[in-house]
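Peer 1: Read in the UniProt record's numbering, the sequence shown has 235 at position 235, and its numbers run on one by one without any break. Using N, Cα and C, we set each Cβ at its ideal position, and we do this for glycine too. Quantities reported herein were computed from a predicted structural model and do not represent experimental measurements. One structure is given below, represented as structure tokens, and several questions about it will come after.
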Amino acid sequence: MAAGAPVALLAGGGALPGLLRAALLRRDRSVRVLALRGFAERALARQADVVVDILDYKRIFAQLEAWAPAEVVLVGTVHRPKPTAFAGALAAFRNRDEIAAILGAGDDGLLAGVIRLLEERGLTVGGIDRLAPELLAGAGVLGAVAPDEPGLAAAATGQGVLEALSPFDVGQAVVVAAQRVVAIEGPEGTDAMLARARRLRRSPRLRAIHGGVLVKMAKVGQDLRVDLPTIGPRTVACAARAGLAGIAIGAGATLIVDGPGTIAEADRRGLFLLGIERRHDRIET
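See below:
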């Protein structure tokens, strides 16, 4: 690998690909962007070196290999294409059974499979946690609002629930109120889960429960190079609409989109924002 080799971003949707690109440029790193058509934001797509369809695997791998990057970073949101769209893409691979198994796996298995495919081609997969740690949440109270004892207890309960769920292909967030698990994130995503929690809070059984905490953390044993939990100002707004008292996130392993703006939004709405230390790096067996 040549000295000064670039960092290649395989960029999906949302603000994070652009934020990572800017962070790397501030560090005087050379950056190449391969934007996924239909997912990457328009502003980033205009700045990208290449825009490609998510199922055009031949071109994706050929371009990454041509750049000979120091690292490839998978960043941004994507949605799994319909199964019928995979048929033509499988022709790009020799071991079609393996690829079909990867594409048919759950989200965790799919990401692990993509990393393996990249590494089998001699590419090194990097992570935002090491390349741009300033984008990650710190530890402790992050804003002007501090959690009370019920808030801390709810955060601890949520952390325990997420640790217990780590071996399973579920989301990275839960809502806990009065030590009761109100919602667990599924494929719908955090914002939709919070909307569901908001509706549930109107039911007679939960109406009398005040406060509550969104807890969002990486899974125990998760590969932190991909799919880091992410929050931003919109997460705070959704949590406030759900009647929550605060948000607890994994310190050093949660991305914050627009950190200052997210903290300001939490302060404005009277929600605490708390970075909590991860207790385990791997699942005990």
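1) For the alpha helix (DSSP H) that L64 lies in, which residues bound it at each end?
2) Report the CB separation of K216 from P233 in whole angstroms; it is logged as a contact under 8 Å.
3) For a test of the three-state rule: what should DSSP assign to R37, helix, strand or coil?
4) Would you grab the beta carbon distance between L214 and A239 for me? Rounded to a whole angstrom, and I think it's under 8 Å.
5) For L136 and E149, I'd like the C-alpha separation in whole angstroms.
6) Could you give the first and the last residue of the continuous alpha helix (DSSP H) run that contains R205?
7) Buried or exposed for F39, please, with buried defined as at least 16 other CB atoms from any protein chain shown within 10 angstroms of its CB.
8) Going by beta carbon distance, what residues of the same chain come within less than 8 Å of T262, once the five residues before and after it are set aside?
9) Can you check DSSP and say which residues form a bridge with G140?
10) List the endpoints of the continuous alpha helix (DSSP H) containing G246.
11) Quick one: what's got a C-beta closer than 7 Å to R121's C-beta in the same chain, skipping five residues either side?
12) By the three-class DSSP mapping on this structure, what secondary structure does T124 have?
13) With DSSP collapsed to three states, give me the class of G18.
14) Is the number of C-beta pairs between the region 217-226 and the region 185-194 that are closer than 8 Å three or more?
15) Give me, in chain order, the residues of the same chain whose beta-carbon lies closer than 6 Å to that of residue 291; leave out the 5 immediate sequence neighbours on both sides.
16) Measuring straight from C-alpha to C-alpha, what distance separates F168 and R21?
17) So L162 is in the beta strand (DSSP E); what residue range does that whole segment cover?
18) Is it the case that the Cβ atoms of R27 and G126 are separated by a distance below 8 Å?
19) Of all the alpha helix (DSSP H) runs that stay within the bounds of the region 168-235, which reach a length of 4 or more residues?
20) How far does the beta strand (DSSP E) with E71 in it extend, from its first residue to its last?
21) Between which two residues does the alpha helix (DSSP H) containing L9 stretch?
22) Taking DSSP as the reference, what is the three-state secondary structure of R42?
Peer 2: So, from the data block:
1) Where L64 is concerned, the enclosing alpha helix (DSSP H) stretches over Y57 to W67.
2) Contact check for K216 and P233: beta-carbon distance about 15 Å, past the 8 Å limit, so the pair fails to qualify.
3) Reduced to three states, the DSSP call for R37 is coil.
4) Rounded to the nearest angstrom, the Cβ distance from L214 to A239 is 5 Å, consistent with a contact under 8 Å.
5) Between L136 and E149, the alpha-carbon positions lie close to 25 Å from each other.
6) Unbroken run through R205: none, as it is neither H nor E.
7) Buried, because 16 or more other Cβ atoms sit within 10 Å of the Cβ of F39.
8) The residues are I231, G232, P233, T235, V236, I256 and L273.
9) BP columns for G140 point to G275.
10) Taken as a continuous stretch (DSSP letters only), G246 belongs to no alpha helix (DSSP H), being part of the beta strand (DSSP E) at G246 to G250.
11) Correct list, in chain order: F61 and E65.
12) The three-state reading of DSSP puts T124 in coil, since its state is none of H, G, I, E or B.
13) The DSSP-derived three-state label of G18 is helix.
14) Cβ pair count under 8 Å is below three, so no.
15) A query on residue 291 cannot be resolved here, the shown segment of the chain reaching from 1 to 285 and no further.
16) Rounded to whole angstroms, F168 to R21 spans 32 Å at the Cα level.
17) Taken as a continuous stretch (DSSP letters only), L162 belongs to no beta strand (DSSP E), being part of the alpha helix (DSSP H) at E149 to L165.
18) A distance of 8 Å or more separates the beta carbons of R27 and G126.
19) DSSP runs (the alpha helix (DSSP H)) wholly in the region 168-235: 190-200.
20) From DSSP, the beta strand (DSSP E) with E71 extends over E71 to V75.
21) Element bounds for L9: not the alpha helix (DSSP H) but the beta strand (DSSP E), V7 to A11.
22) In the structure shown, R42 adopts helical secondary structure according to DSSP, grouped into three states.
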